[in-house]
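Note sheet for the following structure.
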Amino acid sequence: MAQAPIPFNKPFIAGQELTYIQEAVARGKLSGNGYFTQQSQQFLKARYDLQHALLTTSGTAALEMAALLLDIRPGDEVIVPSFTFTSTANAFVLRGAKIVFADSLPNHPNLDVDQVAALVTPRTRAIVPVHYAGVACDMAPLLALAQTHKDLFIVEDAAQGIESFYHAQPLGAVGHLAAFSFHETKNIICGEGGLLAINDPVFAARAEILWEKGTNRAAFFRGEVARYQWVDIGSSFLPSELNAAYLWGQLQQLPQIQTRRMAQWHRYYEALQELARQGCCALPFVPTYARHNAHIFYLLCNNQRERDALIQHLGQQQILAVSHYQPLHASPFYQAQHDGRPLPHATAHAGRLVRLPLYYELSESDQQRVLTAIYQFYTGGSAS
Ligand SMILES: *Cc1c(COP(=O)(O)O)cnc(C)c1O
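Sequence positions in the sequence shown follow the working numbering and run 3 to 386.
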């Protein structure tokens with residue numbers, strides 16, 4: 003009997019998303035910075051202890067705003083992990099920056115913070131830690147580097163980091179600037195969307211201007227200036243109220259969404275312990291300073307051949323499991339500009355990592371099907 007496919011990800015409705023979209027239409031304002039934008043921004047700012055928060059059209063757009071705010075110019079250097087999404091680096095390349103790639107930890111895709119100090123030069127303007135799978139990077143040493151170097155800032159790529167913590171501090175509140183994403187593959191979604199967190203007051207006023215196409219329109223709407231004018235560079239970084247309405251519906255269900263995801267993540271983790279104990283594959287490592295958000299559940303296979311065979315085995319049973327990033331230092335676009343250092347741990351993670359289906363509507367029985375198929379692959383048997 004053919005079984006229904008289990009996708010890797012599935013966009014979902016958790017509460018009042020569609021009602022709020024109708025309400026946005028009824029309110030007669032569909033462009034940005036209306037009621038639902040304000041509600042979402044205030045909620046996120048308060049919940050994560052952010053100094054300022056601006057909704058953006060994507061996590062990518064939030065990173066691009068960060069690069070503009072830091073006034074990144076040709077010749078500036080930006081330190082980025084190689085094992086990440088293109089936008090982490092591309093946002094700075096758009097400003098002419100040279101990307102200096104950092105390797106991953108041996109036991110985690112996150113960048114190896116101990117190696118970053120050696121990459122800092124007088125031209126380094128930013129370090130962009132990516133909290134992979136919502137697991138915090140070790141931020142204290144990075145913040146210390148920023149303090150001891152003039153004009154060096156920390157931009158968190160917290161695209162996957164909503165509801166995660168570094169010690170007691172929410173991700174997104176730790177760096178000078180931070181980017182969240184609400185892309186449909188993330189924990190909290192609105193189709194395409196993001197948030198720029200601004201935790202250093204020097205960036206606050208300008209952020210609002212860049213956000214509003216280089217105008218002081220936000221200040222005008224607050225009644226602070228008599229007319230709005232073109233005062234700086236900028237772009238269309240703010241999302242429509244339709245997206246913000248969907249997002250507001252999700253944010254109101256945030257605890258429920260997270261409870262469900264955490265339960266799914268732990269179900270995988272508990273059930274796969276035995277395989278890890280037998281050395282078949284490694285389970286996700288979470289350092290003691292990190293509290294994660296169940297964004298991704300991945301396995302680290304022993305090598306790429308085994309990983310690809312596992313993906314194929316699951317595929318034959320209509321289960322979509324997927325690899326993740328190809329290291330950017332070896333990408334067709336940037337390889338020639340990379341300084342040539344081998345980054346063995348980023349390369350190893352690219353070859354060994356496989357992500358299992360994890361989404362709001364994933365049922366316990368479908369999860370059991372995934373587990374059974376994995377046990378079958380490794381032991382020929384089934385999960386208990
Ligand atoms: C998703 C993601 C982005 C980009 O976010 P978008 O909202 O899709 O533009 C950037 N960095 C990381 C690490 C991501 O996971």
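Backbone N, C-alpha and C fix where the C-beta goes; we use that ideal spot for every residue, glycine too.
Please return the same chain residues whose Cβ sits closer than 8 Å to the Cβ of residue i, not counting the five positions on each side in sequence.
i    : result
Y362 : K12, F14, A16, I259, R262 and R263
D368 : I8 and P359
R127 : L72, I74, D78, E79, V80, A99, D153, L154 and F155
A221 : E210, V227 and Y230
I313 : A323, V324, S325 and V356
A148 : I129, L154, F155, I156 and H178
Using a Cβ-Cβ cutoff of less than 7 Å, which residues in the same chain neighbour residue i once the five nearest sequence positions on both sides are dropped?
i    : result
L107 : D114 and H347
G34  : L240, P241, S242 and E243
Y271 : L285
R125 : G77, D78 and E79
E276 : none
Once DSSP output is grouped into helix, strand and coil, what is the label at residue i?
i    : result
K47  : helix
A161 : coil
T90  : helix
R97  : coil
Y230 : coil
L355 : strand
P124 : coil
Q171 : strand
Y336 : coil
S106 : strand
A375 : helix
Y270 : helix
N245 : helix
Y361 : coil
A292 : strand
G196 : strand
I8   : strand
I156 : strand
L345 : coil
F182 : strand
I211 : helix
S33  : coil
P111 : strand
V151 : Checking the sequence shown, residue 151 turns out to be His, not Val. H151 falls in the coil class under three-state DSSP.
A284 : strand
T261 : helix
H54  : strand
I235 : coil
Please check the pair residue i and residue j, which I expect to be a contact at CB under 8 Å, by giving their CB distance rounded to whole angstroms.
i    : j    : result
F38  : A26  : 6 Å
E165 : N295 : 4 Å
V102 : E79  : 5 Å
Q43  : L56  : 7 Å
F182 : L249 : In fact, because the Cβ distance is near 11 Å, the residues do not count as touching under 8 Å.
I321 : A375 : 6 Å
V82  : A91  : 5 Å
P286 : A135 : 7 Å
Q306 : R229 : Going by Cβ atoms, the distance from Q306 to R229 rounds to 60 Å, so no, they are not a contact pair.
Note down, in chain order, each residue of its chain lying with its Cβ closer than 6 Å to the Cβ of residue i, except the 5 sequence neighbours on either side.
i    : result
F45  : L253
Q18  : G251
Q255 : A16 and G17
V288 : V137 and H294
Y380 : L277 and C282
L20  : none
S386 : Low confidence applies to S386: its pLDDT is 45, below 50, so where it sits in the model is not reliable, and the reading given next is rough at best. Within the same chain, S386 has no close Cβ partners at all.
Y22  : A247, W250 and G251
Sort the options by Cα distance to residue i and report the nearest one.
i    : options                   : result
F239 : Q18, I211 and Y300        : I211
Y291 : H169, T374, A128 and Y271 : H169
H178 : H315, V157 and F184       : V157
H54  : V176, G34, A199 and C139  : A199
A180 : G196, P286 and C192       : G196
F155 : V137, V122 and H185       : V122
D309 : C283, F287, H297 and Y327 : Residue identity check: residue 309 is Arg in the sequence provided, not Asp. Among C283, F287, H297 and Y327, the Cα nearest to that of R309 belongs to C283.
V118 : A104, N112 and P124       : A104
G36  : T126, A247, Y377 and S237 : A247
F85  : A352, R208, R357 and Q378 : A352
W267 : I313, N109 and R357       : R357
F387 : K188, N112 and A48        : Examination of residue 387 is not possible in this model, given that the chain is present from 3 through 386 alone.
Y336 : A63, G98 and A160         : G98
H331 : E272, F87 and R269        : F87
D116 : N218, I23, C139 and Y377  : C139
F94  : N109, H110 and T62        : T62
E366 : Q314, R269, Y377 and Q280 : R269
I190 : Q171, Q162 and D202       : Q162
Y327 : T349, L316 and C192       : T349
V176 : K31, D51 and P334         : D51
Exercise for the section: Pick out the complete alpha helix (DSSP H) segments inside the stretch 56 to 84, 4 residues or longer, and give them in chain order. Expected result: 61 to 71
Practice task
Could you tell me which uninterrupted alpha helix (DSSP H) segments, each at least 4 residues in length, are contained entirely in the stretch 296 to 321, listed from first to last along the chain?
Solution key: 306 to 318
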